[in-house]
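Read through the structure below, which is laid out as structure tokens, and then see the notes.
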Amino acid sequence: MTAYTIEMLDGARDDVIAAWNAIGADRRLNPSVCPGWLSVTANALGSADAPVQLCVGTEQSGRIASVIPYYFSSVKMLGIRLRQLDLGSNLMSYHAEIAVRGPCESVLAALLESDNSWDVFRASNVPLDSETATAIAQLARARHGSRLLASAGERSPYLAIGSSWPEFLATKNKKFRYKWRKGIESDARMRLRWITHERDVGDLLGDILAIEERSWKATRGATIASRAYEVRYHEALLPYLASIGSLLANVLYLDTRPIAYSLCCNRLGWVGHLKTSFDQEFEERSPGAFVID
Numbered sequence: 022m023t024a025y026t027i028e029m030l031d032g033a034r035d036d037v038i039a040a041w042n043a044i045g046a047d048r049r050l051n052p053s054v055c056p057g058w059l060s061v062t063a064n065a066l067g068s069a070d071a072p073v074q075l076c077v078g079t080e081q082s083g084r085i086a087s088v089i090p091y092y093f094s095s096v097k098m099l100g101i102r103l104r105q106l107d108l109g110s111n112l113m114s115y116h117a118e119i120a121v122r123g124p125c126e127s128v129l130a131a132l133l134e135s136d137n138s139w140d141v142f143r144a145s146n147v148p149l150d151s152e153t154a155t156a157i158a159q160l161a162r163a164r165h166g167s168r169l170l171a172s173a174g175e176r177s178p179y180l181a182i183g184s185s186w187p188e189f190l191a192t193k194n195k196k197f198r199y200k201w202r203k204g205i206e207s208d209a210r211m212r213l214r215w216i217t218h219e220r221d222v223g224d225l226l227g228d229i230l231a232i233e234e235r236s237w238k239a240t241r242g243a244t245i246a247s248r249a250y251e252v253r254y255h256e257a258l259l260p261y262l263a264s265i266g267s268l269l270a271n272v273l274y275l276d277t278r279p280i281a282y283s284l285c286c287n288r289l290g291w292v293g294h295l296k297t298s299f300d301q302e303f304e305e306r307s308p309g310a311f312v313i314d
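In our numbering, the protein residues as written are 22 to 314.
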């Protein structure tokens, strides 16, 4: 028998956060759906009007078996204003799944039944082959034949590497290997800096902002600095990733001038590419492609 309680993400109990992190690690969930990253996102977006809540499932033994973050929002469909129940991961996540030990369907049902005032339930970026997606489909059929609408999302390129770097490089074509050996890195004025430690995140953010202001994003109003919440998000995300040993970034310099960067998260065998840009003045030399390669 599992009992479900509701509490707020902001100020959640230490045992809830610890259990949530443990489930995430055991299930190898994407780090963006775990408490630290979700808190960074919620705080950056300023979710005071729609605070993130937690549906916490606790077994009779006292073990916390599931944690589902969620919030309410207002949407308009066919001219009708509706109350929408959103998974917390809808704020921003990659490969969103629910943190649960055991079957997913029962805990998702508990969330949906905890507050019957909602009209629409939404879950974004859920992998189609996941337990979360299966549970949503099953519950849609079981809940009075509710209609389920599925929209195609982005399918990011995925590359599995099961060998050492030299072995992997040997599998690439001649052009790639030549570019690596004889490309930008062979220019004495060029320097590639790798950043993984918290002490360097201030330098990293400064370089990122400087590069973006000289990129194509500046002319389209798409730089990080053009949106206050994006600045808040990265100011908090970079030190958070560094604190859990998951920051993986590089910056390419021409002498002392930063001209390209690549920002990634490295967690539990998954390296996710989060953001990149390059200085347009050096576009012919493909610095953006180099930092990614």
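Built from N, CA and C at the ideal position, the CB exists for glycine as well.
Per-residue burial, residue i [other beta carbons within 10 Å of its own, 16 or more giving buried]
| i | result |
| --- | --- |
| Phe142 | buried |
| Arg288 | buried |
| Pro178 | exposed |
| Glu188 | exposed |
| Thr240 | exposed |
| Ala33 | buried |
| Thr153 | buried |
Span of the alpha helix (DSSP H) around residue i
| i | result |
| --- | --- |
| Leu170 | Leu170 -> no alpha helix (DSSP H), and no H or E assigned at all. |
| Asn56 | One point to set straight first is that residue 56 is Pro, not Asn, in the sequence displayed. Counting along the chain, the alpha helix (DSSP H) containing Pro56 begins and ends at Pro56 to Leu66. |
| Arg354 | Any answer about residue 354 is impossible in this case: the structure gives the chain only from 22 up to 314. |
| Asn42 | Asp35 to Asp47 |
| Ala144 | No alpha helix (DSSP H) holds Ala144; DSSP gives it neither H nor E. |
| Val222 | Val222 to Glu234 |
Start and end residues, beta strand (DSSP E) containing residue i
| i | result |
| --- | --- |
| Glu23 | Checking the sequence, you will find Thr at residue 23 rather than Glu. Element bounds for Thr23: Thr23 to Met29. |
| Ala270 | Leu268 to Leu275 |
| Ala86 | Ile85 to Met98 |
| Tyr282 | Arg278 to Arg288 |
| Lys296 | Trp291 to Phe299 |
| Arg102 | Ile101 to Leu108 |
Straight-line gap, residue i to residue j (C-alpha atoms, nearest Å)
| i | j | result |
| --- | --- | --- |
| Asp35 | Ser53 | 19 Å |
| Ile119 | Val128 | 9 Å |
| Val96 | Trp186 | 48 Å |
| Gly123 | Ala246 | 42 Å |
| Ala24 | Ala71 | 25 Å |
| Pro90 | Leu284 | 26 Å |
| Asn64 | Asp276 | 37 Å |
| Arg253 | Pro56 | 17 Å |
| Asn194 | Trp201 | 11 Å |
| Ser173 | Ser207 | Note that residue 173 corresponds to Ala in the displayed sequence, not to Ser. Distance between the alpha carbons of Ala173 and Ser207: 42 Å. |
| Asp136 | Thr26 | 12 Å |
| His218 | Asp228 | 15 Å |
| Val222 | Asn146 | 28 Å |
| Ser167 | Ile157 | 11 Å |
| Ile216 | Glu126 | 41 Å |
Which of helix, strand or coil DSSP assigns to residue i
| i | result |
| --- | --- |
| Pro260 | helix |
| Ala131 | helix |
| Thr244 | coil |
| Gly78 | strand |
| Arg306 | helix |
| Ile328 | Because residue 328 is not part of the residues shown, which for the chain are 22 to 314, the question remains open. |
| Gly32 | coil |
| Lys200 | helix |
| Ile313 | helix |
| His218 | coil |
| Leu149 | coil |
| Val402 | The question about residue 402 has no answer, for the chain in this structure spans 22 to 314. |
| Leu190 | helix |
| Arg176 | coil |
Beta-carbon gap between residue i and residue j smaller than 8 Å
| i | j | result |
| --- | --- | --- |
| Ser60 | Leu99 | no |
| Phe259 | Cys286 | The identity of residue 259 in the sequence shown is Leu, whereas the question assumes Phe. No. Outside cutoff. |
| Ala117 | Ala144 | yes |
| Ser236 | Gln301 | yes |
| Trp139 | Arg104 | yes |
| Val298 | Glu233 | The amino acid occupying residue 298 in the given sequence is Ser; Val does not appear at that position. Yes, the Cβ-Cβ distance between Ser298 and Glu233 is below 8 Å. |
| Leu225 | Val272 | yes |
| Ala343 | Leu149 | In the structure displayed, the chain extends from 22 to 314; residue 343 sits before or after that span and is not available. |
| Asn51 | Tyr92 | no |
| Val88 | Ala40 | yes |
| Val121 | Leu75 | no |
| Ala263 | Phe311 | no |
| Leu132 | Thr62 | no |
| Arg220 | Tyr274 | no |
| Val77 | Glu28 | yes |
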